[in-house]
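Undergrad: Residue numbers (UniProt numbering): 1 to 137.
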Amino acid sequence: MQFTGRGAGPDATSSALLADLAEAAKNLRDHSPGPALPKPSAKMKLIDRNASVGRFYVRIEVEDRPGVLAQVAGIFGTEKIGISSVLQPEGHGAGSVPLVFLLESASVASLSRAVDLISKLPNTRAPATILRVEDLT
1 MQFTGRGAGP
11 DATSSALLAD
21 LAEAAKNLRD
31 HSPGPALPKP
41 SAKMKLIDRN
51 ASVGRFYVRI
61 EVEDRPGVLA
71 QVAGIFGTEK
81 IGISSVLQPE
91 GHGAGSVPLV
101 FLLESASVAS
111 LSRAVDLISK
121 LPNTRAPATI
131 LRVEDLT
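(1) Tell me, please, which residues DSSP counts as bridged to alanine 128.
(2) Write down every uninterrupted run of the beta strand (DSSP E) in the UniProt domain "ACT" (57 to 137) whose length is 3 residues or greater and which is fully enclosed by it, in chain order.
(3) Short of 6 Å in beta carbon distance, which residues of its chain neighbour threonine 129, apart from the five on each side in sequence? Order them along the chain.
(4) Report yes if the C-beta distance between glutamate 104 and isoleucine 83 is below 9 Å; otherwise report no.
(5) Buried or exposed: which applies to leucine 21, given that a residue is buried once 16 or more other Cβ atoms fall within 10 Å of its Cβ?
(6) Measuring only the C-alpha atoms, how far is leucine 111 from glycine 95?
(7) Starting from arginine 55, follow its DSSP beta bridges and name the residues at the other end.
(8) Please report the straight-line C-alpha distance between valine 100 and serine 85, rounded to a whole angstrom.
(9) What did DSSP end up calling aspartate 20 once you bin it into helix, strand or coil?
(10) Anyone know if the C-beta pair for isoleucine 75 and leucine 121 falls short of 9 Å?
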C-alpha cells in the first residue's frame, strides 16, 4: 500500500494514517464502535444535560458601540460565569464586531440563560456560536 500526495509526509504521518486505517478495519471486523466508547453497563446513568459543567468558547456578533462589551460581560457575571479571556478584534465593517469569550467552568443551564439574555440585547447582531472546551490535561 502506498500513499502519496500533499500532506501524506514520510514516516510519522504515513505510519499514523496506516495505524488508524488498521484500527478502523479491526473495529469493522469485530463490530466494535471503537476504543473511544465504553462498553454498555447497567451501572451507567445519564445526567441532565443542563446540569453538566464545563468551560466554553462563545463568539457573539454585536454592534460596534461603546458599552456593549460591558453589557455582555455583565450578563455573564449575573449568571455567575467567570471570563478567562475576552477578545474583541477590530470591526468587520457594517458597524459590527465579534466578541470572543473563553469562559470559566459553568453549567449548561447558566450558560443557556446568559446566552438567551445576550441574544435579546438590541446590540446583538447574530446568534452566539458556542463550543464546549475539553481540557485534555
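Ideal placement from N, C-alpha and C gives every residue a C-beta, glycine not left out.
TA: Based on what the coordinates show:
(1) DSSP output for alanine 128 lists no bridge partner at all.
(2) 83 to 87, 96 to 107, 129 to 133
(3) Only Arg59 meet the Cβ criterion.
(4) yes
(5) Exposed, by the Cβ-count rule.
(6) 26 Å
(7) Bridge partners of arginine 55: Val133.
(8) Rounded to the nearest angstrom, the two C-alpha atoms are 8 Å apart.
(9) helix
(10) yes
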